[in-house]
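In my numbering, the protein residues as written are 143 to 243.
Where is the CB? At the ideal position from N, CA and C, for every residue including glycine.
What you are looking at is a predicted structure, and each value in this text was computed from that prediction instead of being measured.
Take a look at the structure below.
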């Protein structure tokens, strides 16, 4: 499968490349999106702020062409770590029959 990360982030790509031999010519794709340092300034969310809002999220989507096959999403209390990336990828890998060429 090929790897796409948006927005591009070298540390995420480096970690994923250590876990799987991605191939940019493959029709299957792992699309990774994330956001760090989420801040909500709305007073309408005061009850959520009091309970603790997520500071970041990580989403992994496995697609074949334009068809979504699998999606993994997690809200995180802190900045995304290599461990978060590895855990998410392993959940996906253990759910789907992924095979490297």
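Residues near residue 231 in its chain [Cβ-Cβ closer than 6 Å; skip 5 each side]: The residue labelled residue 231 in the question sits at position 89 within the chain shown. Closer than 6 Å at Cβ, skipping near neighbours: 161.
Length of the line joining the Cα atoms of residue 172 and residue 209: In the chain shown, the residue the question calls residue 172 occupies position 30. In the chain shown, the residue the question calls residue 209 occupies position 67. Computed Cα separation, rounded: 12 Å.
Residue 216, DSSP secondary structure in three states: Numbered from its first residue, the chain shown carries residue 216 at position 74. Strand.
Residue from 237, 224, 146 and 203 with nearest C-alpha to residue 213: Stepping through the chain shown from its first residue, residue 213 is reached at position 71. Answer by Cα proximity: 203.
Pairwise C-alpha distance: residue 163 and residue 154: For this step, residue 154 is matched to residue 12 along the chain shown. For this step, residue 163 is matched to residue 21 along the chain shown. So the two alpha carbons sit approximately 14 Å from each other.
Minimum C-alpha distance to residue 235 - residue among 151, 177, 178 and 211: As a first step, residue 235 is located in the chain shown; it is residue number 93 there, counting from the start. With distances taken between Cα atoms, residue 235 lies closest to 211.
Close Cβ partners of residue 224 (< 7 Å) along its chain, the five nearest in sequence each way excluded: To locate residue 224, count along the chain shown from 1; it is residue 82. Contacts found: 157.
Residue interval of the alpha helix (DSSP H) (run including residue 154): Within the chain shown, residue 154 is the residue found at index 12, counting from 1. Residues 152 to 161.
CB-CB length for residue 168 against residue 144, believed under 8 Å: Here residue 168 corresponds to residue number 26 of the chain shown, with the count starting at 1. Here residue 144 corresponds to residue number 2 of the chain shown, with the count starting at 1. That belief holds up - the Cβ atoms of residue 168 and residue 144 are roughly 5 Å apart, short of 8 Å.
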